[in-house]
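Engineer: Handing you this structure, nothing more for now.
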Amino acid sequence: MEALEEESIFRQMATVIKTSNGDRKIPIVTSKGEAVWMDEEQQYTLSDDTFGQASLSAYKLGTAIKISEELLNDSVFDLPSYIAREFARRIGAKEEEAFFVGDGKGKPTGIFHTVGGAEDGATTTGANITFDDVMELFYSLRSPYRKKAVWVLNDSTVKALRKLKDNTGNYIWNPSVQAGVPDTILNRPYKTSSYVPEIKAGNKCMAFGDFSYYWVADRQGRSFKRLNELFAMTGQVGFLASQRLDGKLILPEAIKTLTIKKA
Numbered sequence: 001m002e003a004l005e006e007e008s009i010f011r012q013m014a015t016v017i018k019t020s021n022g023d024r025k026i027p028i029v030t031s032k033g034e035a036v037w038m039d040e041e042q043q044y045t046l047s048d049d050t051f052g053q054a055s056l057s058a059y060k061l062g063t064a065i066k067i068s069e070e071l072l073n074d075s076v077f078d079l080p081s082y083i084a085r086e087f088a089r090r091i092g093a094k095e096e097e098a099f100f101v102g103d104g105k106g107k108p109t110g111i112f113h114t115v116g117g118a119e120d121g122a123t124t125t126g127a128n129i130t131f132d133d134v135m136e137l138f139y140s141l142r143s144p145y146r147k148k149a150v151w152v153l154n155d156s157t158v159k160a161l162r163k164l165k166d167n168t169g170n171y172i173w174n175p176s177v178q179a180g181v182p183d184t185i186l187n188r189p190y191k192t193s194s195y196v197p198e199i200k201a202g203n204k205c206m207a208f209g210d211f212s213y214y215w216v217a218d219r220q221g222r223s224f225k226r227l228n229e230l231f232a233m234t235g236q237v238g239f240l241a242s243q244r245l246d247g248k249l250i251l252p253e254a255i256k257t258l259t260i261k262k263a
């Protein structure tokens with residue numbers, strides 16, 4: 001699990017819980033009541049909160065690898081560490097893809113999916129992204145969520161933003177010049193992932209919000225198996241790894257997305 005967290009930028013931002021069963025229901029407030037001004041001795045007005053439930057299932061993700069017996073017996077090669085890193089890389093890549101663009105069918109629901117994902121925050125005014133568009137996205141997110149908000153975008157989108165210049169020909173983007181301080185966009189940190197959609201007409205190309213409202217549910221107990229007999233005829237030993245998990249944004253308004261205008 002430690003290796004898996006190192007492979008995934010999403011797990012570092014999300015809320016990760018462990019469940020002992022395959023289905024976990026999370027109570028959430030879908031709408032809040034409000035107070036009203038009252039005259040003396042006026043009767044109170046009922047204004048109830050509306051509660052709903054977000055259901056997290058347990059989808060299975062697995063991978064396998066074969067290792068030769070000669071390699072297994074080579075004491076110079078640290079095989080356990082290699083297998084742990086390789087399984088973490090494979091599982092981490094597939095689950096992170098699902099956390100971003102998963103459709104919820106046999107896998108988690110991604111924040112960029114049209115159903116069950118983040119709310120639309122802004123749409124670009126043209127086919128190319130501008131800093132005004134980024135500003136629109138920034139302020140589309142309510143201020144309570146902006147305090148812990150993070151930008152998530154593709155490297156190609158970062159490149160497009162860094163090329164933008166003002167009317168005097170100066171680059172608008174000002175990267176951090178202090179060691180240990182990350183680059184920011186409008187004073188909020190950003191993370192990049194190859195699984196975030198690129199700038200293309202109709203695509204949601206970046207997201208901004210508090211990703212702690214995306215919950216990842218790990219079902220307790222990962223499966224690791226060593227297969228000594230299956231590949232014995234070829235002098236190999238197989239290893240299997242699988243885990244069951246789900247992920248879902250439980251409060252859609254906590255993350256907003258920017259959509260590229262359709263042609």
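Going letter by letter, the sequence shown gives residues 1 to 263 in full-length UniProt numbering.
Where a beta carbon is used, it is the ideal one built from N, C-alpha and C, also for glycine.
Just so we're clear, the structure is a prediction, and the values are computed from it rather than from any experiment.
How many Å lie between residue 163 and residue 259 at the Cα?
Structural biologist: Going by the C-alpha atoms only, they are around 19 Å apart.
Engineer: Does DSSP put residue 207 in a helix, a strand or coil?
Structural biologist: In this structure, residue 207 counts as strand in the three-state DSSP scheme.
Engineer: Residues bridged to residue 189 by DSSP?
Structural biologist: Its beta-bridge partners are 184.
Engineer: Look at the Cβ atom of residue 111, then the Cβ atom of residue 207, and state whether they are nearer than 7 Å.
Structural biologist: Yes, Cβ-Cβ distance for residue 111 and residue 207 is below 7 Å.
Engineer: By a C-beta neighbour count over all protein chains shown, 10 Å radius and 16 as the cutoff for buried, is residue 115 buried or exposed?
Structural biologist: Classification of residue 115: exposed, given that the 10 Å Cβ count is below 16.
Engineer: Just the C-alpha distance for residue 229 and residue 145, rounded to the nearest angstrom, thanks.
Structural biologist: Taking the straight line from one Cα to the other gives about 54 Å.
Engineer: Does residue 92 come out as helix, strand or coil in the three-state DSSP assignment?
Structural biologist: Note: residue 92 maps to helix in three-state DSSP.
Engineer: Do the CB positions of residue 170 and residue 196 come within less than 7 Å of each other?
Structural biologist: No, these two residues do not count as a Cβ contact at 7 Å.
Engineer: Quick one: is residue 61 near chain D, going by C-beta distance under 7 Å?
Structural biologist: This model lacks chain D altogether, as it is built from one protein chain only.
Engineer: Short of 7 Å in beta carbon distance, which residues of its chain neighbour residue 209, apart from the five on each side in sequence? Order them along the chain.
Structural biologist: Excluding residues within five positions, the ones whose Cβ falls inside 7 Å are 118, 141, 145, 149, 254, 255, 256.
Engineer: Between which residues of its own chain and residue 41 is the CB-CB distance below 6 Å, once the five residues before and five after are set aside?
Structural biologist: For residue 41, where only same-chain residues beyond five positions count, there are no Cβ hits under 6 Å.
Engineer: Return the bridge partner residues of residue 240 from the DSSP annotation.
Structural biologist: In the DSSP output, where bridge partners are listed per residue, residue 240 has 64, 225.
Engineer: The alpha helix (DSSP H) with residue 9 in it runs from where to where?
Structural biologist: Run containing residue 9: 9-13, per the alpha helix (DSSP H) assignment.
Engineer: For residue 259, which residues does DSSP report across the bridge?
Structural biologist: According to DSSP, residue 259 bridges with 123, 204.
Engineer: Of the residues 263, 237, 65, 218, which one's Cα is nearest the Cα of residue 56?
Structural biologist: It is 218.
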